[in-house]
Structure formats: C-alpha cells, structure tokens
Amino acid sequence: MSTAAGPSESGPRWARWIGRFLARVVWNTQVVGSHLVPTDGPVLFAANHTGIIDGPIVLGVSPRPSHMLVKSEMFWGPVGAVLRAAGQIPVEHDGGRSALNSALVVLRRGGVVGVFPEGNRGKGDAASARAGVTWLALNGHAPVVPVAVLGTRRTGESVGHVPGLRRRLAIEFGAPLVLERAVGTSGRVALEQANEAIRVALAELVDGAVARTGLVLPTDDPNRERSPR
25 MSTAAGPSES
35 GPRWARWIGR
45 FLARVVWNTQ
55 VVGSHLVPTD
65 GPVLFAANHT
75 GIIDGPIVLG
85 VSPRPSHMLV
95 KSEMFWGPVG
105 AVLRAAGQIP
115 VEHDGGRSAL
125 NSALVVLRRG
135 GVVGVFPEGN
145 RGKGDAASAR
155 AGVTWLALNG
165 HAPVVPVAVL
175 GTRRTGESVG
185 HVPGLRRRLA
195 IEFGAPLVLE
205 RAVGTSGRVA
215 LEQANEAIRV
225 ALAELVDGAV
235 ARTGLVLPTD
245 DPNRERSPR
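Next up, the structure:
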C-alpha cells in the first residue's frame, strides 16, 4: 500500500514476475537494450504509450523492480487491490501532484519509476510530452531511460484492447539521459529544454525500434478521434 513513506518497496519485486509471465508466456515479447538500465540508484523510465498493457509489460521486462504511474481509474475492485499491493502509483485527478510526490519518494530512496510522458494512450509516436517526467528527473536527480513499446495496440483497436495470445511485442531500452539545470538558466527554461530532450530521445528510439522490428505504431488515436456527445 502507498503510505507517507511512499509506495511498497516489496510489491514491484513480486509483481515483476507477473509482468514477466505476461510478457514471455501470454505474449511473445522481444527485449533489446536492458543492459543500458543503470544497475543501482534512481532511474526514470520514459515510455511511449499506445495500449492498456504497456505498463505491465515494461514492469515485467525491466531488469529492476519498477513503480509505474497508472491512471487512477484502474485502481478499483480486485485489479486496484493488486496494483496498490504491487506498489504501483495512481495518477489522481489533481494534476498528478500526489503521484509525482510518491514517485519522488521512490527516486530518493534509489528506486525505479516508470512514466508515460504522452499522458494518454494514443499513437505512441512521442510527438508531445508532459513535463512531469522532467520535473521528476531534475528534482529526483535521476537519469532518464527512454523505452520504446511496440505491438501492444494496432490501428483500429481500442486503447483498452488486450492483445491476443502470443502476439509479438517489442520493448527497447535506450541510453540514459542525464539532465541537469545549467548555471544561470531559469527553472522554467531548464524544464522546457530537458522536456524536449526527453521527447526527442524517445521519439528517435521509437522510430529506430519500428525500423528494427517491423512492428508499426497505430495510425489512429481513439482518445482524440472519439466523437463528442
């Protein structure tokens, strides 16, 4: 459970095995670059986001136990109980402030946090990025490892679609980015510059992973294209 001391440290250790079962047995997941993840100290994963299983898959193939930021809507019923026990972090409807504070606790104790900078599941092309991951990197003094996630959603599938058995997926970890505020640079400018550096690194990693694997990103964005009522 999440407490003032931060999310459970033991939860991600056992939850990782569930994620690994999903990645390796339920689906056929290829992993590249896991050796690039620092073996100790705080680390931030910045992953692109297309489908509902992105978080569990990244958690399962990560070389270190990880706390993923997950929409609060997922924290209900049996699934919510499992997520909380697993030390995953709910993003509440307060602009994400409580989630960022919980994630910062994890980083300051030397743990790993996973964030989807795009915010919502969509095309996964990292065309935009919210500043939360950058705020965490600068305040938690954590290197940022971009993570490309491919195959979890195809064009025409809903953002809540669960892929069929043994679908081929791919996860690629990139080289860590170390972000620091330059002397004489305002906090706002430093945040903007670092945020764009993360977005560009993630977009380039995703493009390279698409070329390497042949797994293309979905061309639609159901969240944006949903007809207004």
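In the working numbering, the protein residues as written are 25 to 253.
Where a beta carbon is used, it is the ideal one built from N, C-alpha and C, also for glycine.
Does the contact criterion of 3 or more C-beta pairs under 8 Å hold for the segment 127-145 versus the segment 59-76? yes
Excluding the five sequence neighbours on either side, which residues of its own chain have a C-beta within less than 6 Å of the C-beta of A109, listed in chain order? Within the sequence shown, residue 109 is the residue found at index 85, counting from 1. So the qualifying residues of the chain are G35.
Using three-state DSSP, classify L239 as helix, strand or coil. If you number the sequence shown from 1, residue 239 lands on position 215. Three-state DSSP puts L239 in coil, outside helix and strand.
CA-to-CA distance, Q112 to G120, given in whole angstroms: As a working mapping, residue 120 is identified with position 96 in the sequence shown. As a working mapping, residue 112 is identified with position 88 in the sequence shown. Cα-Cα distance, rounded: 14 Å.
Residue burial classification, D64 (beta-carbon count within 10 angstroms, cutoff 16): Taking the sequence shown and counting its residues from 1, one reaches residue 64 at position 40. Looking at its Cβ environment, which holds fewer than 16 other Cβ atoms inside 10 Å, D64 is exposed.
For R177, the three-state DSSP class (helix, strand or coil): Position 153 of the sequence shown, counted from the first residue, corresponds to residue 177. It is coil, neither helix nor strand.
Cβ-based neighbour list, S96, same chain, cut-off 8 Å, excluding 5 preceding and 5 following: One-based indexing of the sequence shown puts residue 96 at position 72. Same-chain partners within the cutoff: P114, V115, E116, H117.
Residue from Q217, H165, T209 with nearest C-alpha to R133: Here residue 133 refers to the residue found at position 109 when the sequence shown is read from its first residue. Considering only alpha carbons, the answer is H165.
Coarse secondary structure for N72, derived from DSSP in three states: For the purposes of this step, residue 72 is taken as residue 48 along the sequence shown, with counting starting at 1. It is coil, neither helix nor strand.
Alpha carbon to alpha carbon, how far is E33 from A127? Give it in angstroms, no decimals. In the sequence shown, residue 127 corresponds to position 103, counting from 1. In the sequence shown, residue 33 corresponds to position 9, counting from 1. Roughly 12 Å separates the two Cα atoms.
May I ask you to report which of helix, strand or coil DSSP gives A172? For the purposes of this step, residue 172 is taken as residue 148 along the sequence shown, with counting starting at 1. Looking at A172 - three-state DSSP - the assignment turns out to be strand.
W51, buried or exposed, once every other Cβ within 10 Å from all chains shown has been counted against 16: As a first step, residue 51 must be located in the sequence shown, where it is residue number 27. Under a 10 Å Cβ-count criterion, W51 is classified as buried, with 16 or more other Cβ atoms of the shown protein chains found around its own Cβ.
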